[in-house]
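Q:
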Amino acid sequence: MSQQSPKQDLMWMAVFTAVVLSMPIWMEPFGAAYPDLLQKFAIFGIFAIGFNILFGLTGYLSFGHAAFLGVGSYTAVWSFKLLTMNVIPAILFSTILAGIFAVLIGFVCLRRSGIYFSILTLAFAQMSYNLAYSVLTPITKGETSLQLELNDPRILDAAAVAGAGLPSTELFGMKLSGYPGFYFCAVLLIIGFYISLRIFRSPFGLKLAAIKSNQKRMSYTGFNTRPYLLSAFVISGMYAGLAGALMAVTDPLAGAERMQWTASGEVVLMTILGGVGTLIGPLLGAGLIKYFENIFSSYNEKVLHDIFSFLPDMLENVMVFIVNPFVGDGWHLTLGALFMVVVIFLPGGIMEGYARIVAWVKKDRSQPGGDDPHVAKPQPNEG
Amino acid sequence: MDAIFIQVLNGLDKGAAYALMALGLTLAFGTLGIVNFAHGVLFMLGAFCAVTVNKILTISEKVRDPSITFFEAYKEIPYLETWWGDVGTTIIDYSVPISILFTIPVMALIGIAMERGLIRFFYKRTHAEQILVTFGLAIVLQEIVKHFFGANSIPVGAPDIVSGSAPVGAFFGLDDTMVYPWWRLIYFVFSVVVIGGVFSFLQYTTYGMVVRAGMADRDTVGLLGLNIQRRFTIVFALAAVVAGLAGAMYTPIVAPDYQMGMQLLVLSFVVVVVGGMGSLPGAVAAGFLLGILESFASMSEVKQIFPGIDQIIIYLVAVAILLIRPRGLMGRKGVMED
Numbered sequence: 000m001s002q003q004s005p006k007q008d009l010m011w012m013a014v015f016t017a018v019v020l021s022m023p024i025w026m027e028p029f030g031a032a033y034p035d036l037l038q039k040f041a042i043f044g045i046f047a048i049g050f051n052i053l054f055g056l057t058g059y060l061s062f063g064h065a066a067f068l069g070v071g072s073y074t075a076v077w078s079f080k081l082l083t084m085n086v087i088p089a090i091l092f093s094t095i096l097a098g099i100f101a102v103l104i105g106f107v108c109l110r111r112s113g114i115y116f117s118i119l120t121l122a123f124a125q126m127s128y129n130l131a132y133s134v135l136t137p138i139t140k141g142e143t144s145l146q147l148e149l150n151d152p153r154i155l156d157a158a159a160v161a162g163a164g165l166p167s168t169e170l171f172g173m174k175l176s177g178y179p180g181f182y183f184c185a186v187l188l189i190i191g192f193y194i195s196l197r198i199f200r201s202p203f204g205l206k207l208a209a210i211k212s213n214q215k216r217m218s219y220t221g222f223n224t225r226p227y228l229l230s231a232f233v234i235s236g237m238y239a240g241l242a243g244a245l246m247a248v249t250d251p252l253a254g255a256e257r258m259q260w261t262a263s264g265e266v267v268l269m270t271i272l273g274g275v276g277t278l279i280g281p282l283l284g285a286g287l288i289k290y291f292e293n294i295f296s297s298y299n300e301k302v303l304h305d306i307f308s309f310l311p312d313m314l315e316n317v318m319v320f321i322v323n324p325f326v327g328d329g330w331h332l333t334l335g336a337l338f339m340v341v342v343i344f345l346p347g348g349i350m351e352g353y354a355r356i357v358a359w360v361k362k363d364r365s366q367p368g369g370d371d372p373h374v375a376k377p378q379p380n381e382g
Numbered sequence: 000m001d002a003i004f005i006q007v008l009n010g011l012d013k014g015a016a017y018a019l020m021a022l023g024l025t026l027a028f029g030t031l032g033i034v035n036f037a038h039g040v041l042f043m044l045g046a047f048c049a050v051t052v053n054k055i056l057t058i059s060e061k062v063r064d065p066s067i068t069f070f071e072a073y074k075e076i077p078y079l080e081t082w083w084g085d086v087g088t089t090i091i092d093y094s095v096p097i098s099i100l101f102t103i104p105v106m107a108l109i110g111i112a113m114e115r116g117l118i119r120f121f122y123k124r125t126h127a128e129q130i131l132v133t134f135g136l137a138i139v140l141q142e143i144v145k146h147f148f149g150a151n152s153i154p155v156g157a158p159d160i161v162s163g164s165a166p167v168g169a170f171f172g173l174d175d176t177m178v179y180p181w182w183r184l185i186y187f188v189f190s191v192v193v194i195g196g197v198f199s200f201l202q203y204t205t206y207g208m209v210v211r212a213g214m215a216d217r218d219t220v221g222l223l224g225l226n227i228q229r230r231f232t233i234v235f236a237l238a239a240v241v242a243g244l245a246g247a248m249y250t251p252i253v254a255p256d257y258q259m260g261m262q263l264l265v266l267s268f269v270v271v272v273v274g275g276m277g278s279l280p281g282a283v284a285a286g287f288l289l290g291i292l293e294s295f296a297s298m299s300e301v302k303q304i305f306p307g308i309d310q311i312i313i314y315l316v317a318v319a320i321l322l323i324r325p326r327g328l329m330g331r332k333g334v335m336e337d
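In structure tokens:
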């Protein structure tokens with residue numbers, strides 16, 4: 000992908016923008032064209048893009064990114080409570096605060112690499128999660144989760160009219176729920192995607208990729224790799240903070256379970272499923288997972304019987320019996336199985352599958368035989 | 000003095016669980032070079048072995064209750080009781096110790112199946128991919144258990160005779176009022192026995208010697224014509240058995256639910272890192288050390304000075320260790336260093 004010219008990039012950006020903004024239209028036939036789900040697509044897309052900047056480019060597998068998501072959410076809700084319901088300050092504060100957290104955590108964690116890095120980030124995320132549930136309850140409200148209240152100060156907003164309900168988040172007077180909320184997230188997604196595209200194409204991105212392929216050689220040639228790693232870590236932490244803030248924008252409440260390490264695992268899965276280190280892959284992964292989560296968890300036995308009703312009775316019951324554990328509450332089972340299948344058979348995710356198909360079609364047309372270089376998978380260096 | 004003594008005791012049973020888990024993780028890592036994120040699930044599966052045994056032993060029939068006369072009342076009596084009377088009752092009472100007999104073969108089979116079916120394809124892959132695939136496996140196994148046993152925790156009792164508290168104060172000539180649950184003491188002793196067993200297996204048997212040689216230099220052992228792969232598979236099964244036993248015996252302390260393993264796994268990984276990746280004595284020592292440290296941190300005197308310290312102490316120690324002494328407490332030079 001790196002051979003593409005800036006002009007082509009611009010064209011792709013235009014296509015991407017059009018696709019994202021027209022999602023409410025072309026998602027209609029898939030039954031996914033309602034704002035709640037579309038907002039989730041955009042938010043988790045941002046989260047996954049950010050995660051990919053760290054994991055995809057440098058190969059450092061962080062298992063603690065959900066902590067930044069949580070920090071972002073809490074900051075945004077506090078900004079709504081103390082300052083104003085306008086979302087701009089909330090988003091700015093969240094992103095910056097998540098960035099500061101990322102500097103602190105990254106400074107410590109990036110001293111080690113490989114599995115130690117994963118465990119260190121995991122340890123920090125668990126620490127934040129435990130603290131949010133115990134000592135920090137004055138800030139996080141613990142299990143009840145942080146919510147808006149009627150008597151919040153909101154010093155920048157006009158005094159609330161007595162008897163009015165909870166205010167909703169707004170952008171200079173425009174209420175950000177439903178479709179406006181989605182478009183707001185979508186615009187940020189497009190901006191975030193553009194930034195990530197620029198990073199991938201920049202010398203900075205190349206250095207990160209070089210760290211992934213051989214960190215030792217990088218340092219032998221005189222590069223101090225740590226500042227680059229730290230910047231990548233902070234950038235991806237800020238993306239996570241932004242995603243957390245947007246979660247609070249679309250639904251002003253923040254709970255500690257957002258910081259749990261299974262949430263970190265989810266974003267890893269999104270990135271892997273789509274394709275690690277590709278630009279568009281993480282977005283695809285995030286969209287697919289959120290889509291199927293939504294569809295699958297709404298199924299129950301009755302719906303399944305309807306679906307398989309075209310089969311003979313015996314077969315119908317057998318199919319329902321087999322499929323039933325995977326839907327509804329069993330959605331996580333599907334997720335775990337999918338995770339394994341992708342890691343085992345398609346470590347490069349959907350994008351690798353796509354590349355394989357393309358290569359296969361091309362090979363079919365030209366001459367048979369011979370190894371195709373496109374299928375070769377770069378081996379990341381484990382430090 | 001008394002307070003310190005009781006905190007050490009409190010830390011022992013948790014530390015024992017950490018140590019057993021960390022031991023298994025280290026065995027898998029030292030032999031196969033696998034970072035096993037599904038190890039916590041093995042602990043959970045062991046606990047559910049105990050639950051299953053308990054359920055099987057208490058399969059009941061409905062019998063009319065003769066003590067209630069004014070309406071037809073039924074009560075459930077386990078078949079074992081109707082068949083064997085008091086002997087049956089005793090067997091049910093001892094379901095957790097009995098479940099050990101069931102847990103060992105089951106966990107060994109699960110371990111071998113896991114290694115042959117999945118993990119052997121991941122020897123040459125990166126650690127990140129090993130983490131991811133075992134993480135996926137962990138989710139799958141968890142959800143399967145949840146499907147069969149439900150999401151709520153299922154309490155399983157210790158035998159009546161040891162369900163009370165031991166007057167540990169009197170044992171050691173300290174305050175007589177000091178008591179400690181019998182089962183936790185048993186758990187500690189049990190874990191010491193298991194750890195001792197694993198160590199002597201590795202240290203004093205020819206089989207263990209070959210395994211240790213393989214851990215040090217796999218290729219050379221292979222060149223000597225020994226089938227090191229099969230031995231490593233057995234060691235992986237051994238690690239699974241250790242985790243399963245730790246889980247089965249833990250059921251009277253904490254009622255098992257399908258998520259218990261994952262919570263423990265994160266901590267055990269931290270323990271392994273603190274002890275030193277690849278060092279068996281380090282893993283055990285760090286397990287007990289961190290367990291005791293955690294129980295000291297949850298003393299109210301300490302919590303007054305550092306609120307919330309009990310929640311994060313283990314992670315803090317891990318971070319400090321990794322930064323000051325990256326190799327861990329007893330890690331050897333050259334093992335998993337970057």
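Here the protein sequences come in this chain order: A and B. Quick note: the first sequence uses numbering that gives the first Met the number 0, first residue 0, plus one each step. Quick note: the second sequence uses numbering that gives the first Met the number 0, first residue 0, plus one each step. Virtual Cβ for every residue (Gly too), placed ideally from N, Cα, C.
Quick one: what's Ala165 (chain B) bridged to in DSSP?
A: Taking the first residue of the second sequence as 1, we reach residue 165 (chain B) at position 166. Ala165 (chain B) pairs with B:Tyr179.
Q: With 7 Å set as the bound, which would you pick, yes or no: does the beta-carbon of Phe50 (chain A) sit closer than that to a beta-carbon of chain B?
A: Taking the first residue of the first sequence as 1, we reach residue 50 (chain A) at position 51. No, Phe50 (chain A) does not count as interfacial toward chain B.
Q: Taking Val40 (chain B) as the reference, give the member of B:Glu128, B:Pro104, B:Val241 with the closest Cα.
A: Within the second sequence, numbered from 1, the residue matching residue 40 (chain B) stands at position 41. For Val40 (chain B), the nearest C-alpha among the options comes from B:Val241.
Q: Could you tell me if Met383 (chain A) is buried or exposed, where buried requires 16 or more neighbouring beta carbons within 10 angstroms of its beta carbon?
A: Shown here, chain A extends from 0 to 382; a query on residue 383 (chain A) therefore has no answer.
Q: Assuming Arg63 (chain B) is part of the beta strand (DSSP E), what are its boundary residues?
A: Sequence index remark: in the second sequence, residue 63 (chain B) carries index 64 (1-based). 59 to 63 is the span of the beta strand (DSSP E), which, as asked, contains Arg63 (chain B).
Q: Please report the distance separating the alpha-carbon of Pro372 (chain A) from that of Cys184 (chain A).
A: Position 373 of the first sequence holds residue 372 (chain A). Position 185 of the first sequence holds residue 184 (chain A). At Pro372 (chain A) the pLDDT is 47, less than 50, meaning the model places this residue with poor confidence and gives no usable figure here.
Q: Strictly below 8 Å CB to CB, what residues from chain A border Glu128 (chain B)?
A: Position 129 of the second sequence, counted from the first residue, corresponds to residue 128 (chain B). At a beta-carbon threshold of 8 Å, the residues of chain A lying near Glu128 (chain B) are Val342, Pro346, ordered along the chain.
Q: In chain order, what residues of the same chain have a beta carbon less than 6 Å from the beta carbon of Leu26 (chain B), not counting five sequence neighbours either side?
A: For the purposes of this step, residue 26 (chain B) is identified with residue 27 of the second sequence, where counting begins at 1. Correct list, in chain order: Val234, Ala238.
Q: Looking only at its own chain, which residues have a Cβ that is under 6 Å from the Cβ of Met237 (chain A), when we skip the five neighbours before and after it?
A: Your numbering for residue 237 (chain A) matches position 238 in the first sequence. Cβ neighbours of Met237 (chain A) within its own chain (closer than 6 Å, five residues either side excluded): Thr94, Ala97, Gly98.
Q: So, is Trp82 (chain B) buried or exposed, given that buried needs 16 or more other C-beta atoms within 10 angstroms?
A: By 1-based counting over the second sequence, the position of residue 82 (chain B) is 83. So Trp82 (chain B) counts as exposed.
Q: Taking beta-carbon pairs under 7 Å, can you tell me which members of the stretch 314 to 329 of chain A lie near chain B?
A: Taking 7 Å as the Cβ-Cβ cut-off against chain B, the residues of the stretch 314 to 329 of chain A that qualify are Pro324, Gly329.
Q: When you compare the CB of Gly307 (chain B) with every CB in chain A, is at least one pair closer than 7 Å?
A: Within the second sequence, the letter at position 308 stands for residue 307 (chain B). With 7 Å as the cut-off, Gly307 (chain B) counts as an interface residue toward chain A.
Q: Tell me the rounded alpha-carbon separation between Leu228 (chain A) and Arg216 (chain A).
A: Taking the first sequence and counting its residues from 1, the one referred to as residue 228 (chain A) is at position 229. Taking the first sequence and counting its residues from 1, the one referred to as residue 216 (chain A) is at position 217. Looking at the two C-alpha atoms, the distance is approximately 15 Å.
Q: In three-state DSSP terms, what is Ala375 (chain A)?
A: The sequence position of residue 375 (chain A) within the first sequence is 376, counting from 1. Because the pLDDT of Ala375 (chain A) is 46, which lies under 50, any placement of that residue in the model is unreliable, and the number read from its coordinates should be weighed accordingly. Here Ala375 (chain A) sits in coil by DSSP.
Q: Considering only residues of the same chain and omitting the five flanking positions on each side of Pro88 (chain A), which have a CB-CB separation below 7 Å?
A: For the purposes of this step, residue 88 (chain A) is taken as the residue at position 89 of the first sequence. Result list for Pro88 (chain A): Ser78, Leu82, in chain order.
Q: Can you tell me where the alpha helix (DSSP H) with Lys74 (chain B) in it begins and where it stops?
A: Counting from 1 along the second sequence, the entry for residue 74 (chain B) is found at position 75. Lys74 (chain B) -> not in any alpha helix (DSSP H); beta strand (DSSP E) instead, spanning 73 to 77.
Q: Measure the alpha-carbon distance for Leu13 (chain B) versus Leu201 (chain B) and round it to whole angstroms.
A: As a first step, residue 13 (chain B) is located in the second sequence; it is residue number 14 there, counting from the start. As a first step, residue 201 (chain B) is located in the second sequence; it is residue number 202 there, counting from the start. Checking the sequence, you will find Lys at residue 13 (chain B) rather than Leu. Near 25 Å, if we compare the C-alpha coordinates of Leu201 (chain B) and Lys13 (chain B).
Q: Going by Cα to Cα distance, which pick from A:Gly49, A:Met258, A:Glu315, A:Arg111 is closest to Thr224 (chain A)?
A: The residue you call residue 224 (chain A) lines up with position 225 of the first sequence. Put simply, of A:Gly49, A:Met258, A:Glu315, A:Arg111 the residue whose alpha carbon is nearest the alpha carbon of Thr224 (chain A) is A:Arg111.
Q: Any beta carbon from chain B within less than 7 Å of Gln125 (chain A)'s own beta carbon?
A: The residue you call residue 125 (chain A) lines up with position 126 of the first sequence. Interface residue, yes.
Q: Whose C-beta lies closer than 6 Å to the C-beta of Leu272 (chain A) among residues of the same chain, with five residues either side of it excluded?
A: Translated into positions along the first sequence, residue 272 (chain A) becomes position 273. Correct list, in chain order: Gly284, Val341, Gly348.
Q: Is the beta carbon of Phe199 (chain A) closer than 7 Å to that of Leu149 (chain A)?
A: Within the first sequence, the letter at position 150 stands for residue 149 (chain A). Within the first sequence, the letter at position 200 stands for residue 199 (chain A). Not in contact: Leu149 (chain A) and Phe199 (chain A) (Cβ atoms no closer than 7 Å).
Q: When you compare each of A:Gln7, A:Ala47, A:Val14, A:Lys80 to Pro152 (chain A) by their alpha carbons, which one comes out closest?
A: The residue labelled residue 152 (chain A) in the question sits at position 153 within the first sequence. Considering only alpha carbons, the answer is A:Lys80.
Q: Can you confirm whether Leu60 (chain A), when its beta carbon is compared against all beta carbons of chain B, has any partner nearer than 7 Å?
A: Sequence index remark: in the first sequence, residue 60 (chain A) carries index 61 (1-based). Yes, contact with chain B.
Q: So the candidates are B:Ala15, B:Val301, B:Leu22; which of them puts its Cα closest to the Cα of Leu289 (chain B)?
A: The count along the second sequence starts at 1 and reaches residue 289 (chain B) at position 290. Taking only the C-alpha atoms, the option nearest Leu289 (chain B) is B:Ala15.
Q: Run through chain A and tell me which residues come within less than 7 Å of Gly135 (chain B), C-beta to C-beta.
A: Within the second sequence, residue 135 (chain B) is the residue found at index 136, counting from 1. In chain order: Gly335, Phe338, Met339, Val342.
Q: Strictly below 9 Å CB to CB, what residues from chain A border Glu75 (chain B)?
A: Taking the second sequence and counting its residues from 1, one reaches residue 75 (chain B) at position 76. The premise fails here: Glu75 (chain B) is roughly 28 Å from chain A at the closest Cβ pair, so nothing lies under 9 Å.
Q: Can you find a C-beta in chain A that's less than 7 Å from the C-beta of Asp337 (chain B)?
A: Reading the second sequence from its first residue, position 338 is the one you call residue 337 (chain B). Model confidence at Asp337 (chain B) stands at a pLDDT of 49, short of 50, so the residue's coordinates are unreliable; what they give is reported in the following sentence. Cβ-Cβ to chain A under 7 Å: yes for Asp337 (chain B).
Q: Rounded to whole angstroms, what's the CA-CA distance from Val186 (chain A) to Tyr193 (chain A)? Just pull it up for me.
A: The sequence position of residue 186 (chain A) within the first sequence is 187, counting from 1. The sequence position of residue 193 (chain A) within the first sequence is 194, counting from 1. Straight-line Cα distance between these residues: approximately 11 Å.
Q: Hey, how far is the Cα of Val210 (chain B) from the Cα of Thr30 (chain B)?
A: Position 211 of the second sequence holds residue 210 (chain B). Position 31 of the second sequence holds residue 30 (chain B). The straight-line gap from Cα to Cα measures roughly 8 Å.
Q: List the endpoints of the continuous alpha helix (DSSP H) containing Phe62 (chain A).
A: Position 63 of the first sequence, counting from 1, holds the residue named residue 62 (chain A). For Phe62 (chain A), there is no enclosing alpha helix (DSSP H), as DSSP gives it neither H nor E.
Q: What does DSSP give as the partner residue(s) for Leu196 (chain A) in the beta ladder?
A: Your numbering for residue 196 (chain A) matches position 197 in the first sequence. Paired residues: none, contrary to the question.
Q: For Ile304 (chain B), which residues of its own chain have a beta-carbon under 8 Å away from its beta-carbon, when the five flanking residues on both sides are left out?
A: As a working note, residue 304 (chain B) is residue 305 in the second sequence. Within the same chain, Ile304 (chain B) has no close Cβ partners at all.
Q: Report the neighbours of Tyr158 (chain B) on chain A: residues whose CB is nearer than 9 Å to its CB, in chain order.
A: If you number the second sequence from 1, residue 158 (chain B) lands on position 159. Correcting the residue type first, residue 158 (chain B) is Pro in the shown sequence and not Tyr. Ordered by position in chain A, no residue passes the 9 Å Cβ test against Pro158 (chain B), which lies about 34 Å from the chain.
Q: For the candidate residues A:Met339, A:Asp250, A:Pro311, whose alpha-carbon lies nearest to that of Met269 (chain A)?
A: Position 270 of the first sequence, counted from the start, is the residue given in the question as residue 269 (chain A). Nearest option by C-alpha distance: A:Met339.
Q: Given a cut-off of 7 Å on the beta-carbon distance, is the pair Gly10 (chain B) and Ser267 (chain B) in contact?
A: On the second sequence, position 11 is the one that residue 10 (chain B) refers to. On the second sequence, position 268 is the one that residue 267 (chain B) refers to. Taking 7 Å as the Cβ cut-off, Gly10 (chain B) and Ser267 (chain B) do not qualify as a contacting pair.
Q: Can you pull out the residues from the stretch 250 to 280 of chain B whose beta carbon lies closer than 7 Å to at least one beta carbon of chain A?
A: Val265, Phe268, Val269, Val272
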